[in-house]
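Per the numbering used here, the very first residue in the sequence shown carries number 11; after that it's consecutive. Just so it is clear, CB atoms sit at the ideal spot from N, CA and C, and this is done for glycine as well. The next block holds one structure in the form of structure tokens; read it before the comments.
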Amino acid sequence: GVSMSVTVNGLATDTYVYFTVQIPTGTQIGGILPSSTAVGSGTLTVTVNGVTSAPEPVNVVPSAFGTFTQNESGGGAGAFGDTNGVGFTPLNAANPGMTAVGWGTGLGGVTGDESSGVRPGAVPPVVAPPGSIKIFVGGQPATFIYGGRSGGGAAEDQINFTVPTGVYGCAVPVVFLVNGVPSNFTTMPIAASGRICSDSNGFSSA
11 GVSMSVTVNG LATDTYVYFT VQIPTGTQIG GILPSSTAVG SGTLTVTVNG VTSAPEPVNV
71 VPSAFGTFTQ NESGGGAGAF GDTNGVGFTP LNAANPGMTA VGWGTGLGGV TGDESSGVRP
131 GAVPPVVAPP GSIKIFVGGQ PATFIYGGRS GGGAAEDQIN FTVPTGVYGC AVPVVFLVNG
191 VPSNFTTMPI AASGRICSDS NGFSSA
């Protein structure tokens with residue numbers, strides 16, 4: 011009995027409703043904008059059991075990547091890991107030259123049927139050409155490897171990159187620029203050698 015619709019330039023598009031959940035301040039509804047959604051300023055409405063809300067303003071852009079974070083606040087330690095899906099932690103830090111994966115959402119639209127998400131055995135479509143994504147780790151540019159849909163869940167994207175040399179610590183800042191638009195700033199642990207990070211002005215490896 012729940013639906014959401016976004017209208018841009020007179021074109022209404024129904025979202026894929028992802029979840030509804032009770033929270034202390036009321037009810038939260040999560041939806042995914044289809045790739046075919048028009049770009050521009052518009053409105054969003056929610057319909058529950060046939061009753062439609064007042065329209066709320068919404069701005070739809072081609073891409074606006076946001077990195078997932080471990081505390082779900084959008085800041086602090088980001089959702090980074092290796093190509094096997096094992097997350098980086100202070101006791102399992104990344105190393106220079108390693109391929110790292112950053113998970114998030116908002117890389118942009120794809121072509122083809124996306125209503126069922128990434129199906130088993132399907133290749134996640136690349137949604138961003140290499141030149142459109144830049145990665146900075148500790149202020150140093152990192153080599154882009156892949157940017158596109160992840161197999162982890164609906165509307166989940168991932169960006170694979172090579173960890174640069176010369177930056178180490180338990181909270182190294184990471185930012186992605188997608189088509190010139192920066193993501194949120196998050197952090198990841200990097201160890202010069204071994205898998206336990208340390209900071210010159212903070213925690214030692216011990």
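Stretch pair the region 200-215 + the region 171-180: three plus CB contacts closer than 8 Å: Taking a cut-off of 8 Å on C-beta distances, the region 200-215 touches the region 171-180, as three or more cross pairs fall below it.
Does the count of Cβ pairs from the region 64-81 and the region 98-118 closer than 8 Å reach three? By the Cβ test, the region 64-81 is in contact with the region 98-118, since at least three Cβ pairs between them sit closer than 8 Å.
Using DSSP with H/G/I as helix, E/B as strand and the rest coil, what is Ser142? Taking the sequence shown and counting its residues from 1, the one referred to as residue 142 is at position 132. In the structure shown, Ser142 sits in a helix (DSSP, three-state: H, G or I).
Just to confirm, is the Cβ distance from Ser15 to Thr23 under 8 Å? Position 5 of the sequence shown, counted from the start, is the residue given in the question as residue 15. Position 13 of the sequence shown, counted from the start, is the residue given in the question as residue 23. Yes; because the gap between Cβ atoms is below 8 Å, this pair is in contact.
Span separating the alpha-carbon of Ser63 from that of Val56: Walking along the sequence shown from the start, residue 63 turns up at place 53. Walking along the sequence shown from the start, residue 56 turns up at place 46. Distance between the alpha carbons of Ser63 and Val56 is about 5 Å.
If you follow the beta strand (DSSP E) that Arg159 is part of, which residue opens it and which one closes it? Within the sequence shown, numbered from 1, the residue matching residue 159 stands at position 149. Residues 150-159.
Could you tell me the alpha carbon to alpha carbon distance between Ala48 and Phe186, rounded to whole angstroms? As a working mapping, residue 48 is identified with position 38 in the sequence shown. As a working mapping, residue 186 is identified with position 176 in the sequence shown. If you take the alpha carbons of Ala48 and Phe186, they lie about 24 Å apart.
Can you tell me whether Val191 is buried or exposed? The criterion is at least 16 other CB atoms within 10 Å of its CB, across all chains shown. Here residue 191 is taken as the residue at index 181 of the sequence shown, counted from 1. The C-beta of Val191 has fewer than 16 other C-beta atoms within 10 Å across all chains shown, which makes the residue exposed.
Report buried or exposed for Gly43, applying the criterion of at least 16 other Cβ atoms within 10 angstroms of its Cβ. Sequence index remark: in the sequence shown, residue 43 carries index 33 (1-based). The amino acid at residue 43 is misidentified as Gly; the sequence shows Leu. It counts as buried.
Just the C-alpha distance for Gly114 and Phe78, rounded to the nearest angstrom, thanks. Taking the sequence shown and counting its residues from 1, the one referred to as residue 114 is at position 104. Taking the sequence shown and counting its residues from 1, the one referred to as residue 78 is at position 68. Computed Cα separation, rounded: 5 Å.
Please state whether DSSP places Ser13 in a helix, a strand or coil. Walking along the sequence shown from the start, residue 13 turns up at place 3. Here Ser13 carries a strand assignment [DSSP, helix/strand/coil].
Relative to the C-alpha of Pro106, which candidate in Gly50, Cys207, Ile39 has its C-alpha closest? Taking the first residue of the sequence shown as position 1, residue 106 is located at position 96. Cα-wise, what sits closest to Pro106 is Cys207.
Am I right that Thr153 and Thr172 are in contact with their C-beta atoms under 8 Å? What's the rounded C-beta distance? By one-based count along the sequence shown, residue 153 stands at place 143. By one-based count along the sequence shown, residue 172 stands at place 162. About 4 Å separates the two Cβ atoms, so the contact holds.
In the DSSP output, what is Asp167 paired with across the bridge? Along the sequence shown, read from residue 1 onward, the residue named residue 167 stands at position 157. Beta-bridge partners of Asp167 (DSSP): Gly114, Arg159.
So which of Gly85, Pro140, Glu166, Leu21 has the shortest CA-CA distance to Pro183? Numbered from its first residue, the sequence shown carries residue 183 at position 173. Among Gly85, Pro140, Glu166, Leu21, the Cα nearest to that of Pro183 belongs to Gly85.
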